[in-house]
Amino acid sequence: MTVRVLGVGGAAPALRLDAADVGAAWGRGGRGQTAVCAPDEDTLTLAWEAATRALGAARVEAARVDSCYWGTSRPPFAEGPSLAFLTAALGCASSVGGLLCAGSAHAGMEALTAGADAVAAGSAGIALVIASDAVRPGPGTAFEARCGAGAVAFVLGTDDAPAALGTRVTRTRPFLDRYRGDGEIDNRDLYDGRLFREEIFLPVVSEVATALASFDVNAWSLPDPDGRLGATVAKLAGAGTPASHAAYVAVGDSGAAAPLLGGALALDAPGTVAIVGTGGGRTTGVLVHVDAPVPGAAVVADALAGGRPATYAEVLRARGQLQPTGETIPMGVPPESAMFVRGADEMLGLLGGRCVDCGTISTPPSIHPHCINCGGGKLEPVSVARGGQVHTFVVNHTMPAPFVAPLPIAVLDMDDGSRLMLQAIGDGNDIEIGRRVELVLRKYAHERGVPVYGFKARAKKEEVSA
Ligand SMILES: [Zn+2]
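To get the working numbering, take the position in the sequence shown, counting from 1, and add 952.
Quick look at the structure:
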């Protein structure tokens, strides 16, 4: 069965770090920029944003996704419900299948091939493939200024669509490339850059690229850790600058997301696109035959653009590598407690209780077991609208660590009539009464080694209500 690409989406985190700023701290130079997660972003929130955009472009409801395949070198739980949290926040059914691919920068290619195989075999009608990463380098390492973050999602199915997956080539070699030791949080630098280049990266990636080049490839995604080796391979295969280079310039080395991110950028034009990813001793290349622009591909570049300039010190703090001394304020409730177990669907799915008698939506349902309008006791869970406007707000200017002030908190009137009180993204400068907002998934806290996710309000740029 032919596996088609129904839509794609991309995402990048909020911060941009100038390589020269990193270089200055270590007495070196530096060129270009990388994308870095704000304190409330991680590989899961990036995955959510890219997947939400891809599903929207493909016009596929999350509830229709049969299986979700997520590749990242950094799942938010070292062991735990990473994939389950992601699919719940996306609004997938509880019957959703799939798998989490991790362990190396090759994880995104593993998610793509697993999703394609499930659709080809007929075990999934719609497969959602997501690759996201946020590389965390050790401070002072040679590759620190190139480590970036980003996410991309492909919606796969057999419906009529303008692009189809084709030939696949893979090679496995048992060598140590980029890795983290047992219990280590930061990525290690390459032990020997020349050895990596001459005897690991170039031979195996060239072998896969040469095998694919015989298929008359029009565009390549050939990412690499330093932004130059991919171009060398492309030249060997007789091609020009790979499409992945534009993603590298925008967000740096996005690890497991990089191959599919470069590929998504190239799905905007007819032709054959080769997506090649390597890591963890494995290299895989997949061809995509594009008849017409894939829905969502034209705006992937926009999703990577922008971002707020951040200083090196701010980035170190966001990554948790620079921590304040003194007391922090722990959450009153442990993440593994009954409140979080019973409230998980309510928080991740952002559910309200709709009154079967008068239609009013009460939020949060655990606090309002009866209708706030008529007092009725029959409420059915519904997913609250993701668009609305600011009813009122405050900006908190003194917050104890680990919170970061200023912290805006907004009361929102959502498009379905429900009212929510949520944190807003940013410093509050773009929040005003009547402002249109959209709700996006963010990390509220990270405590006892566990992330806590929920939705936040983000001011919509394009529309300001009168
Ligand atoms: Zn009611």
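We treat Cβ as the ideally placed atom computed from N, Cα and C, and that holds for glycine. From a predicted model like this one, the values you see are computed outputs, not experimental measurements.
Nearest to residue 1065 by alpha-carbon distance, out of 1332, 1101, 1020, is 1020. Residue 1395 is bridged by DSSP to 1405.
Taking all protein chains in view, the Cβ of residue 1351 is surrounded by fewer than 16 other Cβ atoms within 10 Å, so the residue is classified as exposed. Ligand 1 has no heavy atom closer than 7 Å to the beta-carbon of residue 1368. Within the model, the alpha-carbon separation for residue 1073 versus residue 1067 is close to 10 Å. Around the CB of residue 1310, fewer than 16 other CB atoms lie within 10 Å, so the residue is classed as exposed. Counting only beta-carbon distances shorter than 6 Å to the non-hydrogen atoms of ligand 1, the qualifying residues in chain order are 1307, 1309, 1310, 1312, 1323, 1325, 1326, 1328.
Residue 1267 and residue 1323 have their C-alpha atoms some 45 Å from each other. Taking the CA atoms as reference points, residue 987 sits about 27 Å from residue 1245. Each residue's CA atom was taken as its position, placing residue 1052 and residue 1022 some 5 Å apart.
It is roughly 12 Å from the alpha-carbon of residue 1325 to the alpha-carbon of residue 1331. Fewer than three Cβ pairs drawn from the region 1392–1399 and the region 1356–1372 lie within less than 8 Å of each other, which leaves the two stretches out of contact.
For residue 978, the three-state secondary structure derived from DSSP is coil.
The continuous beta strand (DSSP E) containing residue 960 extends over residues 956–963.
Put simply, the backbone Cα of residue 1002 is about 10 Å away from that of residue 1008.
For residue 1211, the uninterrupted alpha helix (DSSP H) segment begins and ends at 1210–1218. For residue 1005, the enclosing alpha helix (DSSP H) covers residues 995–1010.
For residue 1034, the secondary structure class from DSSP, reduced to helix, strand or coil, is helix.
Within its own chain, the residues whose Cβ lies closer than 6 Å to the Cβ of residue 1299, once the five positions on either side in sequence are excluded, are 1406, listed in chain order. Apart from the 5 residues on each side of it in sequence, residue 1259 sits with its Cβ closer than 7 Å to the Cβ of 964, 966, 967, 968, 987 in its chain, given in chain order.
Distance between residue 981 and residue 1090, taken at the CA atoms: about 18 Å. With fewer than 16 neighbouring CB atoms inside 10 Å of its own CB, residue 1031 falls in the exposed class. Residue state for residue 1352 is assigned as coil, using DSSP reduced to three classes. Excluding the 5 residues flanking it on each side, residue 953 has same chain C-beta neighbours closer than 6 Å at 1072, 1110, in chain order.
Taking C-beta atoms under 8 Å as the contact rule, residue 1101 and residue 1085 qualify, at a distance of about 6 Å. Residue 1047 counts as exposed, since fewer than 16 other C-beta atoms from the protein chains shown sit within 10 angstroms of its C-beta.
As the crow flies, the alpha-carbon of residue 1220 is around 15 Å from that of residue 1239. Inter-residue distance for residue 1264 and residue 1092 is about 11 Å (C-alpha atoms, whole angstroms). Using a Cβ distance threshold of 8 Å, residue 1004 and residue 1042 count as a contacting pair.
Excluding five sequence positions before and after residue 983, the CB atoms of its chain that fall closer than 8 Å to its own CB belong to 971, 972, given in chain order. CA-CA distance, residue 1158 to residue 1117, rounds to 21 Å.
Following the DSSP letters along the chain, one finds residue 1291 in no beta strand (DSSP E) but inside the alpha helix (DSSP H) bounded by residues 1290–1300. Per DSSP, the beta-bridge partners of residue 1139 are 1089. Listed in chain order, the non-local C-beta contacts of residue 1250 below 8 Å within the same chain comprise 1220, local neighbours out to five positions each way being set aside. Nearest C-alpha to residue 1231 among 1123, 1401, 989: 1123. The alpha-carbon of residue 1386 is positioned some 53 Å away from that of residue 1187.
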